[in-house]
Each structure stands twice: as C-alpha cells, then as structure tokens.
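What follows is a short report on a single structure.
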Amino acid sequence: MSDSEQGQETEDVSQRQWPENGEQWSDGEDEADMDCGLQAMAEEDEEIDLHNDETFGMDLDANETTGEPRNGLLQFKEPPSPPPLCPPSPIPTSVSKPAAPPSSHCTSPPHRQRPHFLPQVPPGQRGRGRGKRGGLRGDQMFEDPAVMRIVEGRPSLKSLDSAIVECGNAMTRDIFHYDDWMARSYRKTRGIPRSILQDNAIVCVIDGHGGRGHHMTSNFLGLPYPVSSFRGRRGAPRGPYNKRVFTPRGPSQMHTSMMPGSPILSRQPLTPRQHYNQTGAFPFPLSRPCPSTPQSLNPKMMQLRFGTNSPRPSPVYSPSSNPVQHLRYPGPVTQLHPQHKRLLSQKKHASQRKPQGWDPYCNLMTAKEKEWITRLQMIQLQTVSPYLEDYYYQEYYRRIEAKLAEEELGIRSKREPPKLTTPYITKTDSYTPVVHIEGSLGQVAVSTCYSPRRAISAVHAVQAQAPLEEQKDTRQQRLEVLSKIEKLFIVLLEVEEAERMKATAVGEAESRLKEKTQRKVENIYSQLKHHDPSDSGGEFLPFLLVSKGKRLVARLLLFLDRESALNILHVVTSNLPTLMSRDTDESLPVLYPPLRTVIGGLTFSQLIGVLKDLTTSESLTTYECLTLACQNKFGLSLLYALLSQGERLLSSGVPLEPSIGDFEAWTDTIFQVAGQLSQCSLVEPLLLPSNLLTLFCRYLDKRTVHQLKSNMESATGFLALMS
Amino acid sequence: MWLSLVGKDVVVELKNDLSICGTLHSVDQYLNIKLTDISVTDPEKYPHMLSVKNCFIRGSVVRYVQLPADEVDTQLLQDAARKEAMQQKQ
C-alpha cells in the first residue's frame, strides 16, 4: 500500500503547494525547538500510553490499521472490521451524553487506528499545517471506529456521535479542559509514522470530519459553537454543531472546526504563528504540566503532527495569492466601476516594479476562502437602486469617464464598458421612520444597521421656538435659510435625476417626466423668490448670500426659463456690491457660467437694463460700483461678459430694436468702463472675452485702447487680447 | 465615497496622535480601515512601525482621515449625502 507511495505523493503535493513557505517562515529556532519538543513529547507520550492502556486495555497496534483505508473516498459508515462494537445508538445532539458508559470494545479500534492519523512531523518541515483542525479530527477519529471510513460528503452524525461519545468518555474524567484533551490526544498519537498521515485518504477523512471533530469535542464539554455560519459552505447538515460552545479558544480552534472542506486544509491558520510571535520561540508546551496547557499548545502540536507534510487535497489552493503588494487588487468577486478598475490597474503596473518582499502572512487563506468572504460582503452590498445608494461612487466615476471621453474626442470608439455594479435585489424590508418625542431636542437615537446614528436636526428645535418670539435672531434666520436650501436641494436633485432619465424615457413617459420636472423647477423658483416678504433685501438675496444658496441657484439656472433666469440676473447685478462684499468664501464664481449663458441670450435692451443695474446703486456712485466690480473676480468677469455680449450684438448685424436712449446708455457705459479699466488695478477675470478690444477700438482712441490693453493684459498675465 | 478612494493614499490620524500614511486597501461598515504600505508620516517619535507593511485600523480609534483633495468632489459628496438622507426619510 504504500504508505511510502502515499507519503511521496503527499510530499509532492505538499512541496508543490508549500514550496518555500514553511522554510521561510520558521527560521532556525523552530527547528531547534522542534527537536527538543519531540523529545519532550516522547516523554509525555509514554505517560499517555500508560494511561491509555489502563483505560482501554489495549496496545497500539499500528499494523492492523495501515492496510485499511485506501479507497480513494472513504466510506463513512460503521467500519466492518471493528464490528458493531459501537452500534450507532441514536445519539441526538448529544451534549449531555458524556455520561454513557464507555464501552471498552468500542474504544479499542480507535486505538488501533490512531496510528493512522498522527504521524510525526519530520523535522525540517514545519508548516503552519492544517494544524489543529486536522489533529483534532484525527484524534477523534481514532477514538471512533466509525471514523475509519469517512466520506467526503455527509457523514452520518449518529454513528459518529455514539462512537465519539463513548470513546471519549474514558478521557473525560480527567479532562475538563478542552486544551488538555487536545494536547493529550496529540501526544497519544505521537508515535505514529508520519507516512500514515500523508495518506490522502486520511486527509479526506480529516476533511470530512472538519466539523465532526469539533462536534465531538463539544460533545464532551457542552461547549456552544458560535460559528454556524461557516458551515453553510459545505451545506452539510451540521445543525447540532451550532449549539456547541467553545471555551474561549480563539480563532485557531474555531478555524479548525469551522472550515469544512478541502480548501481549509490548505489554509494556514494565523494563530499558530501568532502564538509563535507572542510566545517567542516555538513553545514546547509539552514540558509543562498537562492540565495547565495553555491555549497555544494546540496549534503547535498540530503542526508537529501534521506539519507541512499534510497533503493538500484542495486542487484550488493558490500559493500565489498575491501577497502583500503595495496595492492589493480586490479579489475576483468585487465589482468595481470599470473606470476605477482601470485606474487601479494602472497604479498597480506602475508600482509593481518595487521589489516584492516575501510576506510571511501570505497564503493564509485560499482563493476560495477569500472569494467566499468577498461574496459575503457583496451580499451585504446588494442594493435595489445602486445609483441611489451609492450615488457618489457611480457619479464620480461617470464624471471621470465623461471627462476622459471629452479628452479623447479623437477616438470615436465609444467603448461602453459593461457597467459592473453590486448586484441588485428587491429590498423587502421597510425602514422605520424617525422617532421624535414632542418637546425634546432632536430625535431619539434609533439605531439600525442602515442608520447607526441619526444626527440631531437642529432646525427642528429652532423652528419650534421661532413663532414664540417676535424678533427673529439672525442665527435663527440663517438656520432657516439653510434648512430651506437643503429642502430645495433635494428637489433639485430630483430634477437633475429626471433630466438624466430623459435620455431613456420615451414618448408619453418623457412628456410626463418633463411636466413633472418643470413643476418642480417652478416650485423651487417660487420658494426662492418668496422666502419671506418681511425680509429686507428683496427676493433671492438671502439665498444668494449663502454660498450653498449660490450653488443651488447656479444649478437651478440651467433649468429655468428665460424670464426667470433674467430675473435672477437682475437680482445679482443689482445687488452686486452687497454680494461681493459678503462673499467671504469666494463662491460667487460658481454663478458665473450659468449667468454667462443667460447673458448670451440677452437682447440689446435687456443688456442695457442689466448694465444699468450694475452701475446704479442706492448708496454708491457709478464710479464706485465699477471700481468694486473691477476689483472682484466675479464682478469683473460679469462686466466683461456683458460688454462682450453687447459687442457681439452690435457687430453681428442683427437688427437690435433698441429702445430710446439705449445707445446713449451704451456708449456712456463704455466710456465709463474704459476709464475704470484703464486706471484701477484689475484682478484676473474668470474669462476674458476676445472681442473686448474690438469694442473699445470702436469707441475710443488708440492711446486709450493701448492703455486699456496693457492694463487688462497685466491683470491676466498673458497676451490674451487680440489687437 | 470610500470605495472611490480605494487605492489612493491617505493619512489616518488616530486618537492616540499617531498618524499613518498608507494606501487605502479597504473600508468596512464600521469604518475599519486597512492600509497597505504604510509609513508613519510625522516625525517618527511615535510608536515605530518600521517593519509593518500593512495594517488594520479599528474604526473607533480613528480621529481623522486625511484624503487627497483632488480625489474628492465635495459637491458630489454633498449631493450624495442629501440623497442618502432623502432615502432614509422614505
């Protein structure tokens, strides 16, 4: 049979899959430790053997067992050779079972079989083997005659249970601590030739018993088992396991029992290593008294037993799970926006030249496991409306793509990358609304997983007080304005959303959509206009004074009709000095682009009207107005835009239909502006129209024009004007 | 927003005054942060993590996360927040 064959095969397998890891992880110390440890273990082993003999009255007989399980997939059933010694008495989820009288006949086969499973770890090959897990199961398998046949699928709990319980009972007397038991079981099996473990079949067994091993343990101690979710992977009926309790083992043992299936075998638990790190040298717990065996014992023991030679049946084990790269590319299951993917991969290429240090923590999880976890996370991300729930991400990358597309105008190939997004599902659960107790400040903290914490809405409280007071606080007013802006923003977002949908909407739906949009726009407009009649400053002013309001208006302007837009333009220009003076965070320029569009549509008379607004003000003279305008980026740009429009109109040859006095006003303004521009220092405008000089040339003499030109150029810093 | 920042360099300032610069690898619902290729930004008078390449930072210990300004569109973010608030109200 070929233990040797198997051994070799296993070794090959293990070498294939664990080429350098083992070596590199454990430096010299482990080797040395291992050696001492083995000695210590030998001593302990004798103790255990003695104990076992007393208990079970049998000697280990390695020979008998070697021949047995060489069918590829072992059958999990009562093994015929150990006869119905342990009849599968139906043991329910038997946490309470340990009291069953140990049947000695039952326990003997396990002893015989024990040698099968725990070979010595050859020195020099250490690994973060499947460690405890395997060991655990291995042990239990020894106890259980039924365990000899193990199927990779669904082992029958009953048979296993009875066997385990009965066999294990003998030990329970002494063992109150899971650790100890484990430790002991390891030691017991120490003397077994390692080739046995390399037996693929055995590995399958271990595999199949991933949970079982655990099950058995818990049977003993009635430990609850918190990790039911992990079971799901295998889909095996492991209900009973879920009730088990673990002593606070820590992840190592959880891993052991949790991970069913082959992928786990190839996994290297981190904790053993951690233990290494924590306890310094490879701790040889065997030298310590058994009952006080610390938790860290088990992983190490398992490594001793199962080490690197443990065959890795998992075909999908991927040693090259791109360990720590300086940029880790999310696994295959994560779905990124194609643009994002592109960016990431670019970065990766750029940075990959960096020499890869070997990472001792790589290959902790197989690709399968990683994928599985990623899938779990993806499930959490499932959404009915990705655009709504992850608006920022979608929109951001869409905009970047749009920008790129603009840049690459030459490349007409409209590559429409398949839009990968998180999977949608229909969300069935509804969200409970906010709880608000009357008279309290803010809201009651209702925590759900969708809203871990709710912000207290200050305006709520503020508005409650307002009616009581006659005189409104400026702070209150500001808050009101802000809250109103926020509400309007929401409507605006809906409008923009609708605009986007327009492309997809067809016919009937489109017109309805248009109507709705229009109504919303009008609503916003009217709300902005009629904020508070008692307020000074006119209609839109309170909103325009706040930077958020400016942004709102700027975005709204795109949707407004001509008249309303013009109205807003008037408001802006009339109040320009105020706006400019109170624009502390320089957000006025955000209004420039939409206003420019509006200006572009002005008729001559309208233009003149606007210019008049600009230059006349209650408190300031024209001169002052203009000066102020010139010294403000936005103001200057607006002025330029107006002038440019006028010039365009005049030079376009279209009949202007001016009202009386228009031309005079126009020329007056030109002169005034020219005077201003040439004298005072100009700031750099947002945009410098190219036809301004032409305009000035028309009306002014060369010298002035030159002066103007130089002034304007110095402001912009480059030769922007055509002469 | 966090997803769009994956792969970018950020500086995480912790409540214990340690600042860690690194590439954002992932974020979860608790705002636990995984960084790769980290280095301590401020003069390394704070705990030296010379040998550490990657780290996992529990969300509760983070004071600030400094994001690259050009990678974040604040207006867009505001809109996203509004939309989210809207959704929650419904």
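One line per chain: the protein sequences are X and P, in this order.
Heads up: the first sequence begins at 1 in full-length UniProt numbering, then just goes up one per residue.
Heads up: the second sequence begins at 1 in full-length UniProt numbering, then just goes up one per residue.
For every residue, glycine included, the Cβ atom is placed at its ideal position computed from N, Cα and C.
Pairwise C-alpha distance: residue j and residue i
{"i": "Phe604 (chain X)", "j": "Leu566 (chain X)", "result": "13 Å"}
{"i": "Ile57 (chain P)", "j": "Leu18 (chain P)", "result": "12 Å"}
{"i": "Lys403 (chain X)", "j": "Leu558 (chain X)", "result": "20 Å"}
{"i": "Gly661 (chain X)", "j": "Thr573 (chain X)", "result": "20 Å"}
{"i": "Leu595 (chain X)", "j": "Val705 (chain X)", "result": "27 Å"}
{"i": "Ala80 (chain P)", "j": "Ala503 (chain X)", "result": "22 Å"}
{"i": "Tyr393 (chain X)", "j": "Ser4 (chain P)", "result": "6 Å"}
{"i": "His349 (chain X)", "j": "Gln339 (chain X)", "result": "16 Å"}
{"i": "Ile20 (chain P)", "j": "Cys55 (chain P)", "result": "10 Å"}
{"i": "His376 (chain X)", "j": "Arg475 (chain X)", "result": "In the sequence under discussion, the amino acid at residue 376 (chain X) is Leu, which differs from the His named in the question. Taking the straight line from one Cα to the other gives about 48 Å."}
{"i": "Leu513 (chain X)", "j": "Leu493 (chain X)", "result": "14 Å"}
{"i": "Cys362 (chain X)", "j": "Gln87 (chain P)", "result": "41 Å"}
{"i": "Val491 (chain X)", "j": "Glu522 (chain X)", "result": "11 Å"}
{"i": "Pro689 (chain X)", "j": "Asp701 (chain X)", "result": "20 Å"}
{"i": "Met1 (chain X)", "j": "Glu46 (chain X)", "result": "Its pLDDT being 43, under 50, Met1 (chain X) is placed unreliably in this model, and the value from its coordinates should be taken loosely. One C-alpha to the other measures close to 29 Å."}
{"i": "Asn32 (chain P)", "j": "Ser511 (chain X)", "result": "47 Å"}
{"i": "Tyr396 (chain X)", "j": "Ile373 (chain X)", "result": "27 Å"}
Closer than 6 Å: residue i CB and nearest the ligand MN heavy atom
{"i": "Ser60 (chain P)", "result": "Inclusion of the ligand MN in the displayed structure is not the case, the ligand content being empty and no account of it being possible."}
Contacts that residue i makes with chain X (C-beta to C-beta distance below 9 Å)
{"i": "Ser39 (chain P)", "result": "Those within 9 Å of Ser39 (chain P) in chain X number zero; the least Cβ separation is about 11 Å."}
{"i": "Ser60 (chain P)", "result": "Residues of chain X passing the Cβ test: none, with the nearest at roughly 12 Å."}
Extent of the continuous alpha helix (DSSP H) to which residue i belongs
{"i": "Cys630 (chain X)", "result": "622-630"}
{"i": "His25 (chain P)", "result": "No alpha helix (DSSP H) contains His25 (chain P), which is instead part of the beta strand (DSSP E) from 19-27."}
{"i": "Phe56 (chain P)", "result": "No alpha helix (DSSP H) holds Phe56 (chain P); the beta strand (DSSP E) holding it covers 54-57."}
{"i": "Asp668 (chain X)", "result": "662-679"}
{"i": "Phe613 (chain X)", "result": "The amino acid at residue 613 (chain X) is misidentified as Phe; the sequence shows Asp. Run containing Asp613 (chain X): 604-615, per the alpha helix (DSSP H) assignment."}
{"i": "Asp79 (chain P)", "result": "74-89"}
{"i": "Val598 (chain X)", "result": "592-600"}
{"i": "Glu408 (chain X)", "result": "Glu408 (chain X) -> no alpha helix (DSSP H), and no H or E assigned at all."}
{"i": "Glu563 (chain X)", "result": "562-574"}
{"i": "Leu544 (chain X)", "result": "541-545"}
{"i": "Leu643 (chain X)", "result": "633-652"}
6 Å Cβ shell around residue i - same chain, five flanking residues per side excluded
{"i": "Thr74 (chain P)", "result": "none"}
{"i": "Cys680 (chain X)", "result": "Thr627, Cys630"}
{"i": "Glu539 (chain X)", "result": "Lys529"}
{"i": "Gly59 (chain P)", "result": "Tyr30, Leu31, Asn32"}
Under 7 Å by beta carbon: chain B residues contacting residue i
{"i": "Asp73 (chain P)", "result": "The chain labelled as chain B is not found among the protein chains of the depicted structure, namely X and P."}
Residues near residue i in its chain [Cβ-Cβ closer than 7 Å; skip 5 each side]
{"i": "Ser547 (chain X)", "result": "Asp585, Ser587"}
{"i": "Lys550 (chain X)", "result": "Leu544, Ser587, Leu588, Val590, Leu591"}
{"i": "residue 729 (chain X)", "result": "Summary: the structure shown does not reach residue 729 (chain X), with chain X confined to residues 1 through 723, and so no result is reported for it."}
{"i": "Trp666 (chain X)", "result": "Ile608, Gly646"}
{"i": "Gln606 (chain X)", "result": "Leu566"}
{"i": "Val495 (chain X)", "result": "Thr517, Lys520, Val521, Phe559"}
{"i": "Ile400 (chain X)", "result": "Gln339"}
Residue i: contacting residues in chain X (beta-carbon distance under 8 Å)
{"i": "Arg82 (chain P)", "result": "Glu486, Phe489, Ile490, Leu493"}
{"i": "Ser51 (chain P)", "result": "Near Ser51 (chain P) there are no residues of chain X at all, since even the closest Cβ is about 10 Å away, more than 8 Å."}
{"i": "Leu77 (chain P)", "result": "Tyr392"}
{"i": "Gln87 (chain P)", "result": "Leu388, Glu389"}
Chain-ordered neighbours of residue i on chain P, where CB pairs are closer than 9 Å
{"i": "Tyr393 (chain X)", "result": "Met1, Trp2, Leu3, Ser4, Ala80"}
{"i": "Lys702 (chain X)", "result": "Correct list: empty, because the minimum Cβ distance to chain P is about 45 Å."}
{"i": "His340 (chain X)", "result": "Leu3, Ser4, Val6, Gly7"}
{"i": "Arg551 (chain X)", "result": "Gln75, Gln78"}
Limits of the unbroken beta strand (DSSP E) element including residue i
{"i": "Asp473 (chain X)", "result": "Counting along the chain, Asp473 (chain X) falls outside any beta strand (DSSP E), and DSSP gives it neither H nor E."}
{"i": "Arg63 (chain P)", "result": "62-66"}
{"i": "Val40 (chain P)", "result": "33-40"}
{"i": "Glu684 (chain X)", "result": "Taken as a continuous stretch (DSSP letters only), Glu684 (chain X) belongs to no beta strand (DSSP E), as it is neither H nor E."}
Close beta carbons around residue i, own chain, < 8 Å, minus the five adjacent residues each side
{"i": "Lys15 (chain P)", "result": "Val61, Val62, Arg63"}
{"i": "Met1 (chain P)", "result": "Val72, Leu77, Ala80"}
{"i": "Leu687 (chain X)", "result": "Tyr592, Arg596, Ser637, Tyr640, Ala641"}
{"i": "residue 163 (chain P)", "result": "Given that chain P is displayed from residue 1 to residue 90, the structure contains no residue 163 (chain P) and the question cannot be resolved."}
{"i": "Val610 (chain X)", "result": "Leu569, His570, Thr573, Ile599, Leu602, Leu642"}
{"i": "Lys8 (chain P)", "result": "Thr23, Leu24, Leu67, Pro68, Glu71"}
Beta-carbon neighbours of residue i, restricted to chain P and to distances below 7 Å
{"i": "His570 (chain X)", "result": "Near His570 (chain X) there are no residues of chain P at all, since even the closest Cβ is about 26 Å away, more than 7 Å."}
Proximal chain P residues relative to residue i, where beta-carbon distance stays under 8 Å
{"i": "Arg519 (chain X)", "result": "What Arg519 (chain X) touches in chain P: nothing, since even the nearest Cβ is about 18 Å away."}
{"i": "Arg500 (chain X)", "result": "Per Cβ cutoff of 8 Å: no residues; Arg500 (chain X) is ~12 Å from chain P at best."}
{"i": "Leu343 (chain X)", "result": "Gly7"}
{"i": "Lys347 (chain X)", "result": "Gly7"}
Open item on the list: Taking 8 Å as the cut-off, does the segment 643-652 of chain X touch the segment 597-615 of chain X (at least 3 CB pairs, one atom from each stretch)?
Closed with: yes
Open item on the list: Within 8 Å, do at least three Cβ pairs link the segment 691-701 of chain X to the segment 661-671 of chain X?
Closed with: yes
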